[in-house]
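Just so we're aligned, residue -4 is where the sequence shown starts under my numbering, counting upward by one.
C-beta atoms are modelled at their ideal positions from N, C-alpha and C, and glycine is treated no differently.
Small disclaimer: the values here were computed from a predicted structure and weren't measured.
Written below as structure tokens is the structure these notes are about.
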Amino acid sequence: MQKTIKIEGMSCRHCENHVKKELEAVCGVTSANVSADKGTAVVELAHEVDEVKFKAAVEEAGYEFVEVK
Ligand SMILES: [Cu+2]
């Protein structure tokens, strides 16, 4: 299962890495592919993850969570 998270505020590779690290620490996330250019994080999931967890991870990294598709 794959989902795309829209994120605002990332501008470089360091931002991508912060977000990737936080998202991959969430239970159920097997990998996160983050793009500062697109403002997205494509997450691969082992099981359903509550949107609230994604929001918390993105905010913990210091960026703005927009939505999950
Ligand atoms: Cu940055």
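Less than 8 angstroms between the C-beta atoms of valine 38 and glutamine -3, yes or no?
Position 43 of the sequence shown holds residue 38. Position 2 of the sequence shown holds residue -3. Yes, the pair counts as a contact, with Cβ atoms nearer than the cut-off.
May I ask you to check if the CB of serine 6 is nearer than 7 angstroms to at least one heavy atom of ligand 1?
Walking along the sequence shown from the start, residue 6 turns up at place 11. It does: the Cβ of serine 6 is within 7 angstroms (strictly closer) of some heavy atom of ligand 1.
Rounding to the nearest angstrom, what Cα-Cα distance links valine 29 and lysine 64 in this structure?
Counting from 1 along the sequence shown, the entry for residue 29 is found at position 34. Counting from 1 along the sequence shown, the entry for residue 64 is found at position 69. The alpha-carbon atoms of valine 29 and lysine 64 are separated by roughly 15 angstroms.
Under a Cβ-count criterion, where at least 16 other Cβ atoms within 10 Å of its own Cβ denotes burial, should glutamate 59 be classed as buried or exposed?
To locate residue 59, count along the sequence shown from 1; it is residue 64. Exposed.
Our contact map puts alanine 31 next to glutamate 54 with C-beta atoms below 8 angstroms; I'd like the distance itself, whole angstroms only.
On the sequence shown, residue 31 is found 36 positions in, with the first residue counted as 1. On the sequence shown, residue 54 is found 59 positions in, with the first residue counted as 1. Not confirmed; about 17 angstroms, so no contact.
State yes or no: is the C-beta of histidine 9 nearer than 7 angstroms to some heavy atom of ligand 1?
Position 14 of the sequence shown, counting from 1, holds the residue named residue 9. Histidine 9 Cβ: within cutoff of ligand 1.
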